[in-house]
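Taking it in order: structure first as structure tokens, then the write-up.
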Amino acid sequence: MGLGLELVGANATWVFENDRIDINYSSGLGHPRLLRKLKHRSIPYQAISRATATGGDGNPQLVLHLRPGADPLTEVAAGQLDDDAEPHQLELEPDQQDLANYYADHVNDHCSLNPDAGSPAPRFLVEVDQAPRRLKGFDGEATFDGSAVEFHWHEDASTAKHRSSRRRFPLTEIAGVRWVRPGLASGHLQLVLHEETADVSPSDNDHALLFGLGYGSTATSLPFAAAVLAAAQAAGSATSAGRPALPAAAPHQPDAMSRSEILATIRELGELHQAGIVSQQEFEQKKRELLDRL
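With the UniProt record's numbering as the guide, the letters of the sequence shown map in order to residues 1 to 294.
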């Protein structure tokens, strides 16, 4: 069960709650811009397949492996992120290997209680911000107002895009989102439509926005793509993997702890304190918080 304890790393602080892990990313300029832009993520245990703790010659890392289909951000990223920008990887100090191992076991204990932990999720379980967004690309701009994605082409856009009569795409027409990480002169965001009729180059596709030359950075384009994908699923579209869409995950509601759960948590806290994993101050603070729930 979650303890509400914090594990502070170089790139983020993870808080282990009763039903989820809250991740608060470090905001310093030396950290990846994507993580600074995300600021916070809440990962329910039911979205996690497993956790691993690594060490080797480098610093220990605690890594969450999410179930396929559980997180729109992970689905859109499709393994294209650099290691330091991975949102579910905690960088620890050399002397924290035991902590990494302990919390990996802790997460895996939760996962063992979920018979579906090793299976793809039928719907998104991790929430993303679906507020209206605007994304500047090399050849135009994309806006998302919560109900549709609309493109506005710049003079650098191809003749085919300027000639297209379509610029607005309601969520009900969107089956998925394809994101190719921006490079110096590459990358794009493309809507995958239910009624796709031809394979058209992104440069001529009227529902694709080109990146490159400083436009469409990962920090802005990836959250945009994830927001559209999550909203499309909630609107009844298919996901990018082609599975039938189900209702989006309900807003997080913290689980109430029973008296027996509270007492068991206090006992577990005491064991962690005795083992030197939890300080006296942390133990007393969490013990008071838990006793206040009785």
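Backbone N, C-alpha and C fix where the C-beta goes; we use that ideal spot for every residue, glycine too. Values in this document were obtained by computation on a predicted structure and should not be read as measured data.
Check, Outcome
"Measuring alpha carbon to alpha carbon, tell me which residue in Ala160, Arg181, Glu196 is nearest Phe169.", "Glu196"
"If we count Cβ pairs, one from each stretch, closer than 8 Å, do we get three or more for the stretch 54-71 versus the stretch 83-93?", "yes"
"Can you tell me the Cα-Cα spacing of Leu291 and His110, whole angstroms?", "23 Å"
"Just tell me which of Phe138, Gly55, Leu35, Leu73 has its CA closest to the CA of Leu184.", "Phe138"
"Who pairs with Ile23 in a beta bridge, going by DSSP?", "Trp14, Arg41"
"Would you say residue 309 and Ala230 are within 9 Å of each other, going by their C-beta atoms?", "For the chain, the structure presents residues 1 to 294; residue 309 sits outside this window and is missing."
"Take every Cβ of the stretch 120-129, pair it with every Cβ of the stretch 69-86, and state whether three or more of those distances are shorter than 8 Å.", "yes"
"Do Thr218 and Leu135 have their C-beta atoms within less than 9 Å of each other?", "no"
"Under 8 Å by Cβ, that's how I've got Ala51 and Asn108 pegged, so tell me the actual separation to the nearest angstrom.", "6 Å"
"With respect to the alpha helix (DSSP H) encompassing Thr74, which residues constitute its N-terminal and C-terminal limits?", "72-77"
"Round the Cβ separation of Ala208 and Leu189 to the nearest angstrom and send it over; I've been treating them as touching at under 8 Å.", "7 Å"
"Can you find the residues in the same chain that come closer than 7 Å, C-beta to C-beta, to Ser49, ignoring five residues on each side of it along the sequence?", "His65, Leu66, Arg67, Cys111, Ala117, Gly118"
"With respect to the alpha helix (DSSP H) encompassing residue 299, which residues constitute its N-terminal and C-terminal limits?", "Not covered by the structure: residue 299. The range shown for the chain is 1 to 294."
"Please work out which residues of its chain come closer than 6 Å, Cβ to Cβ, to Phe151, disregarding the five sequence neighbours upstream and downstream, and give them in chain order.", "Gly140, Ala142, Arg167"
"Near Gly216, what residues of its chain come up, given a Cβ to Cβ distance below 8 Å and the 5 sequence neighbours on each side ignored?", "Leu135, Lys136, Gly137, Phe138, Pro182, Gly187, His188, Leu189, Leu209, Leu210"
"How far does the alpha helix (DSSP H) with Ala231 in it extend, from its first residue to its last?", "218-234"
"What is the DSSP secondary structure of residue 299, reduced to helix, strand or coil?", "This structure leaves residue 299 out entirely; the chain is present only between 1 and 294."
"Please classify Gln233 as buried or exposed, where buried requires at least 16 neighbouring CB atoms within 10 angstroms.", "buried"
"Going by C-alpha to C-alpha distance, which of Trp153, Ser201, Glu155, Val149 sits closest to Gly176?", "Val149"
"Could you tell me the distance, in whole angstroms, from the CA atom of Thr239 to the CA atom of Asp83?", "Residue placement at Thr239 is poorly supported in this model, since its pLDDT is 39, which falls under 50; the coordinates are not used for a value here."
"What does a CB cutoff of less than 7 Å around Arg36 pick up in its chain, not counting 5 residues either side in sequence?", "Tyr25, Ser27"
"Excluding sequence positions up to five away, which residues of its chain have a Cβ less than 7 Å from the Cβ of Asn205?", "Gln190"
"Do Tyr103 and Trp179 have their CB atoms nearer than 9 Å?", "no"
"For the alpha helix (DSSP H) containing His88, name the first residue and the last one.", "No alpha helix (DSSP H) holds His88; DSSP gives it neither H nor E."
"Expressed to the nearest angstrom, what Euclidean distance is found between the alpha-carbon atoms of Lys287 and Glu17?", "14 Å"
"DSSP three-state label for Val141, please.", "Here the sequence assigns Glu to residue 141, which means Val is not the residue at that position. Note: Glu141 maps to strand in three-state DSSP."
"Would you tell me roughly how many angstroms separate the C-alpha atoms of Gly146 and Trp153, rounded to the nearest one?", "20 Å"
"Look at Leu34 and Leu81 and say whether their C-beta atoms are less than 9 Å apart.", "yes"
"Between which two residues does the alpha helix (DSSP H) containing Thr159 stretch?", "159-163"
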